[in-house]
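Student: The structure that follows is given in the form of structure tokens.
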Amino acid sequence: QPTGYKLIPGSNCLPFCLPEAKFLRRAGFLKHNLWVTSYKSDEIFPGGEFPNQNPRIHEGLATWVKKDRSLEETNIVLWYVFGITHIPRLEDWPVMPVERSGFMLMVVHQPLDISALFS
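Residue numbers (the numbering used here): 1 to 119.
Given below as structure tokens:
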């Protein structure tokens with residue numbers, strides 16, 4: 001059996017914006033923190049190719065998920081979106097305190113070679 005993993009999220013947040021915010025047309029991946037798609041070699045830019053300069057909108061991760069492709073018996077890609085929203089405070093000047101963000105990916109199922117135990 002293949003090795004299993006568990007995603008342990010760290011401090012995280014979604015953007016402070018309305019659902020109809022214009023930038024979400026090009027950054028639809030920001031609507032959720034976790035996405036899972038089946039692997040396609042040409043799907044590598046979650047915001048679409050050149051999201052700041054591309055005149056085409058509604059490209060990228062949110063569009064790929066709408067295709068509703070099966071995730072069974074196929075290679076999958078886990079897209080974890082994390083970030084921080086910093087609200088400035090007077091005490092942040094002149095040096096802002098550290099904001100940490102991240103995640104851990106832990107092995108939860110590692111196949112064992114039982115023969116190694118008895119040699």
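C-beta atoms are modelled at their ideal positions from N, C-alpha and C, and glycine is treated no differently.
Could you check the C-alpha separation between M106 and G10 for me, to the nearest Å?
Tutor: Cα-Cα distance, rounded: 13 angstroms.
Student: Check this for me: beta carbons of S38 and I76, under 8 angstroms apart or not?
Tutor: Yes, they are a contact pair.
Student: Going by other Cβ atoms of all chains shown within 10 Å of its Cβ, with 16 needed for buried, is F29 buried or exposed?
Tutor: Under this definition F29 is a buried residue.
Student: According to DSSP, is L78 helix, strand or coil?
Tutor: Looking at L78 - three-state DSSP - the assignment turns out to be strand.
Student: Provide the residue(s) that pair with F103 in DSSP beta bridges, ordered along the chain.
Tutor: In the DSSP output, where bridge partners are listed per residue, F103 has P9.
Student: Return the first residue and the last residue of the beta strand (DSSP E) that T37 is part of.
Tutor: Residues L34 to S38.
Student: What's the C-alpha gap between L78 and P19?
Tutor: Rounded to whole angstroms, L78 to P19 spans 23 angstroms at the Cα level.
Student: Could you give the distance in angstroms between the alpha-carbon of G4 and the alpha-carbon of W93?
Tutor: Cα to Cα, G4 sits roughly 45 angstroms from W93.
Student: Identify whether G4 lies in helix, strand or coil by the three-state DSSP scheme.
Tutor: G4: strand per DSSP, three-state reduction.
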